[in-house]
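What follows is a set of notes on a single structure, which appears directly below.
In structure tokens form, the structure reads like this:
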């Protein structure tokens, strides 16, 4: 019995350790700005600025890239992806671009991208971005070729929704640019930002004992890249708690107007970012706080964003931006925390040998295992990242890891069913098969790069593959025009 | 009697829009029914690109964004006259 208790305590500590690592300074410096950017994109960028490229009459060389890149602006959560997917399919540019949008959306959104970059490495984030754009367009083209008759049978009514002339104005670029700068200053590891330019010492006695207590509560293994809870981490966690309390009252209904709590929570958010950007060293005499270039950068960028918001925006726009941001946090963050904790607690239970045997090297089989895991497991937004990190630390090869990361947000049984209700079962399952194949392929390609294959050669293959698909679609379209279909509706176009 | 429809598949924004519509109806002081349409087929019958959408007396007033309460009140008054 004591054995079991000790075992449970170990799992609990492992979970807490993981949580601490994910609430550490460098992760917050990435996540907080990413949430702000997501809120800004949703609230301030008019959807028509992208959807006007996705109308029925848009030429293919416009609609496919627009569908691929549009996910960045439009698709921060799945609840906007599916309605947009349905309307692009039924009333807009058709099946191909709709599929491209559906595929690229989850992979390209700012939250997933920056979180992947900080937790797993920028190379894998970049691979996820580039490969999902290329393969998204590829799968869209393939679907359009396979079901080319279908496009002729959809309803031909023009849709006013796709003809707006809205453009993204200069002030939106400026504001989003500043938020992006906040993200970059906070996460970029260059000397200019990481150097310390001044130091202040807070004379709090017993800081070293505080730090030791924290390490005792949450033991960690530095050889496995774990960090444990630092004094700074504890302060940040405290600040996050305070933000949660004040934001609940200050931001939940901020679209109706500011109140006192709004300013308190905004102040706390700024303070959290500043604290996270410093470096702290506890010792017996107190707490050394090193003022890094990062900290000055963060302060400067935040001041700029504040000025822009006050000077160029109406109150109600800023309020909507804050409301959207808080909504994302409320929707994603609690699940993320639970997910990270559970992942950490499970870690001691999984033997590295299992993972290494299944996916330790970059083989076709290993990549398919990665994809299968992604399809059958459903994790809330962003939780796929700590899961991937778990596998990585247990010895999974980065190639199959990417295969998993690509397929997980795209394919879950739930999203397959909803997709089927829009485009019909046959098309939905065809899509699933292609996504599985392409995700495995993406893993293989990236894995080959990790193992040393030259980048130029891989890019050449990718470009050639895409060119073949474009040629095939052009050919198929031409043939269809030459020989009009006499029997219209196909049996399965019930969706 | 004014008929208001909120189009959305149950995302937080759609729920918020329903609240806003409810408050706007109270503020305008009119008789109105508010229906939350969640069926994708029905939603797609309107010229809508992205949710949430607001329909007043079968006319689409806004889509893809949260309108402000004052806007909704104005639309309701317009529909009534």
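Protein chains in written order, with my numbering: chain A, 452 to 946; chain B, 6 to 86.
Yeah, the Cβ is synthetic: ideal placement off N, Cα and C, and Gly gets one too.
- Message: If you reduce the DSSP assignment to three classes, tell me which class residue 801 (chain A) lands in.
- Response: Counting from 1 along the first chain, the entry for residue 801 (chain A) is found at position 350. Reduced to three states, the DSSP call for residue 801 (chain A) is coil.
- Query: Per DSSP, what kind of secondary structure is residue 7 (chain B) in: helix, strand or coil?
  - Reply: Locating residue 7 (chain B) in the second chain gives position 2, where the first residue counts as 1. In the structure shown, residue 7 (chain B) falls within a strand segment according to DSSP collapsed to helix, strand and coil.
- Item | residue 919 (chain A) to residue 480 (chain A) span [Cα, whole Å] | The residue labelled residue 919 (chain A) in the question sits at position 468 within the first chain. The residue labelled residue 480 (chain A) in the question sits at position 29 within the first chain. Approximately 42 angstroms between the Cα atoms of the pair.
- Taking one C-beta from the segment 894–913 of chain A and one from the segment 476–496 of chain A each time, how about it: are there three or more such pairs within less than 8 angstroms? no
- Item | Pairwise C-alpha distance: residue 513 (chain A) and residue 21 (chain B) | Numbered from 1 along the second chain, position 16 holds the residue referred to as residue 21 (chain B). Numbered from 1 along the first chain, position 62 holds the residue referred to as residue 513 (chain A). C-alpha separation (whole angstroms): 34 angstroms.
- Item | Closest residue to residue 554 (chain A) among A:570, A:660, A:541, A:536 (Cα-Cα distance) | The sequence position of residue 554 (chain A) within the first chain is 103, counting from 1. With distances taken between Cα atoms, residue 554 (chain A) lies closest to A:536.
- Task: Assign residue 575 (chain A) to one of three DSSP states: helix, strand, or coil.
- Result: For the purposes of this step, residue 575 (chain A) is identified with residue 124 of the first chain, where counting begins at 1. Note: residue 575 (chain A) maps to helix in three-state DSSP.
- Message: Give me the chain B residues within the contact set of residue 619 (chain A), using Cβ-Cβ distance strictly less than 8 angstroms, ordered along the chain.
- Response: Residue 619 (chain A) sits at position 168 when you count from the first residue of the first chain. Neighbours of residue 619 (chain A) on chain B: none; closest Cβ ~15 angstroms, over 8 angstroms.
- With DSSP as the reference, label residue 739 (chain A) as helix, strand or coil. Locating residue 739 (chain A) in the first chain gives position 288, counting from the first residue. In the structure shown, residue 739 (chain A) sits in a strand (DSSP, three-state: E or B).
- Query: If you compare alpha carbons, which of A:771, A:846, A:857, A:548 is closest to residue 805 (chain A)?
  - Reply: Within the first chain, residue 805 (chain A) is the residue found at index 354, counting from 1. With distances taken between Cα atoms, residue 805 (chain A) lies closest to A:846.
- Could you check which residue in A:761, A:557, A:746 has the C-alpha nearest to that of residue 863 (chain A)? Sequence index remark: in the first chain, residue 863 (chain A) carries index 412 (1-based). Looking at the Cα atoms, A:557 is the closest of the given residues.
- Query: Can the beta-carbon of residue 858 (chain A) be found closer than 8 angstroms to that of residue 812 (chain A)?
  - Reply: In the first chain, counting from the first residue as 1, residue 858 (chain A) sits at position 407. In the first chain, counting from the first residue as 1, residue 812 (chain A) sits at position 361. Contact: no.
- Inter-stretch contact at 8 angstroms, needing at least 3 Cβ pairs: the segment 461–471 of chain A / the segment 737–746 of chain A: As far as the Cβ criterion goes, the segment 461–471 of chain A does not touch the segment 737–746 of chain A, which means the pair count is below three.
- Message: Quick check on this structure: which residue in A:510, A:747, A:770 has the alpha carbon closest to the alpha carbon of residue 726 (chain A)?
- Response: Residue 726 (chain A) sits at position 275 when you count from the first residue of the first chain. Measuring from the Cα of residue 726 (chain A), the nearest candidate turns out to be A:747.
- Message: With H, G and I counted as helix, E and B as strand and the rest as coil, what does DSSP make of residue 559 (chain A)?
- Response: Taking the first residue of the first chain as 1, we reach residue 559 (chain A) at position 108. Residue 559 (chain A): helix per DSSP, three-state reduction.
- Task: Assign residue 667 (chain A) to buried or exposed, taking buried as 16 or more other Cβ atoms, counted over all protein chains shown, within 10 Å of its Cβ.
- Result: Taking the first chain and counting its residues from 1, one reaches residue 667 (chain A) at position 216. Classification of residue 667 (chain A): exposed, given that the 10 Å Cβ count is below 16.
- Message: Pop quiz: residue 12 (chain B) and residue 48 (chain B) are said to be a contact at Cβ under 8 angstroms. What is the actual Cβ separation, rounded to whole angstroms?
- Response: Looking up residue 12 (chain B) in the second chain gives position 7. Looking up residue 48 (chain B) in the second chain gives position 43. Right, the Cβ-Cβ distance comes to about 5 angstroms (below 8 angstroms), so this counts as a contact.
- Query: Is the segment 23–34 of chain B in contact with the segment 75–86 of chain B, if contact means three or more CB pairs nearer than 8 angstroms?
  - Reply: yes
- Between the segment 751–760 of chain A and the segment 643–659 of chain A, do at least 3 Cβ pairs fall closer than 8 angstroms? no
- Task: Establish whether the CB of residue 872 (chain A) and some CB of chain B are separated by less than 8 angstroms.
- Result: As a first step, residue 872 (chain A) must be located in the first chain, where it is residue number 421. Yes, because at least one Cβ of chain B sits closer than 8 angstroms to the Cβ of residue 872 (chain A).
- Please list, in chain order, all residues of the same chain as residue 32 (chain B) whose beta carbon is under 6 angstroms from its beta carbon, the five residues on each side excluded. Against the second chain, residue 32 (chain B) aligns to sequence position 27. Correct list, in chain order: 78.
- Item | Beta-carbon proximity list for residue 540 (chain A), same chain, < 7 angstroms, skipping 5 on both sides | Looking up residue 540 (chain A) in the first chain gives position 89. Within the same chain, residue 540 (chain A) has close Cβ partners 546, 549, 873, 874.
- Message: Can you confirm whether the segment 640–654 of chain A touches the segment 755–762 of chain A when touching is taken to mean that 3 or more C-beta pairs between the two stretches lie within less than 8 angstroms?
- Response: no
- Assign residue 477 (chain A) to one of three DSSP states: helix, strand, or coil. Looking up residue 477 (chain A) in the first chain gives position 26. Three-state DSSP puts residue 477 (chain A) in a helix.
- Message: So the candidates are A:783, A:836, A:597; which of them puts its Cα closest to the Cα of residue 433 (chain A)?
- Response: Because chain A spans 452 through 946 in this model, residue 433 (chain A) falls outside it and cannot be assessed.
- I think residue 571 (chain A) touches residue 836 (chain A), with their Cβ atoms under 8 angstroms apart; what is that distance to the nearest whole Å? Numbered from 1 along the first chain, position 120 holds the residue referred to as residue 571 (chain A). Numbered from 1 along the first chain, position 385 holds the residue referred to as residue 836 (chain A). 7 angstroms between Cβ atoms; contact.
- Task: Measure how close the beta-carbons of residue 644 (chain A) and residue 745 (chain A) come, nearest whole angstrom, since I'm counting them as under 8 angstroms.
- Result: Taking the first residue of the first chain as 1, we reach residue 644 (chain A) at position 193. Taking the first residue of the first chain as 1, we reach residue 745 (chain A) at position 294. That belief holds up - the Cβ atoms of residue 644 (chain A) and residue 745 (chain A) are roughly 4 angstroms apart, short of 8 angstroms.
- Which of the residues in the segment 35–59 of chain B, read from start to end, lie with their CB under 8 angstroms from any CB of chain A? 45, 48, 49, 52, 53, 54, 55, 56
- Query: Between the Cα of residue 69 (chain B) and the Cα atoms of A:849, A:497, A:713, which residue gives the shortest distance?
  - Reply: Taking the second chain and counting its residues from 1, one reaches residue 69 (chain B) at position 64. It is A:497.
- Query: Which term fits residue 601 (chain A), buried or exposed, when burial requires 16 or more other beta carbons within 10 angstroms of its beta carbon?
  - Reply: Against the first chain, residue 601 (chain A) aligns to sequence position 150. Residue 601 (chain A) comes out buried.
- Item | Residues from the segment 536–551 of chain A in contact with chain B, defined by Cβ distance under 7 angstroms | 537, 538, 541
- To the nearest angstrom, how far is it from the Cα of residue 810 (chain A) to the Cα of residue 64 (chain B)? Numbered from 1 along the first chain, position 359 holds the residue referred to as residue 810 (chain A). Numbered from 1 along the second chain, position 59 holds the residue referred to as residue 64 (chain B). Distance between the alpha carbons of residue 810 (chain A) and residue 64 (chain B) is about 55 angstroms.
- Item | Contact list for residue 498 (chain A) against chain B, beta-carbon separation under 9 angstroms | Mapped onto the first chain, residue 498 (chain A) falls at position 47. The answer, in chain order, is 54, 55, 68, 69, 70.
- Determine the contact status of residue 57 (chain B) and residue 778 (chain A), defining contact as a CB-CB distance below 8 angstroms. As a first step, residue 57 (chain B) must be located in the second chain, where it is residue number 52. As a first step, residue 778 (chain A) must be located in the first chain, where it is residue number 327. No.
- Use the C-beta contact count for residue 515 (chain A): other C-beta atoms within 10 angstroms, 16 or more gives buried, fewer gives exposed. Residue 515 (chain A) sits at position 64 when you count from the first residue of the first chain. Counting Cβ neighbours within 10 Å, residue 515 (chain A) comes out buried, since at least 16 surround it.
- Item | Cβ pair residue 851 (chain A), residue 817 (chain A) closer than 8 angstroms | Numbered from 1 along the first chain, position 400 holds the residue referred to as residue 851 (chain A). Numbered from 1 along the first chain, position 366 holds the residue referred to as residue 817 (chain A). The answer is yes: Cβ separation under 8 angstroms.
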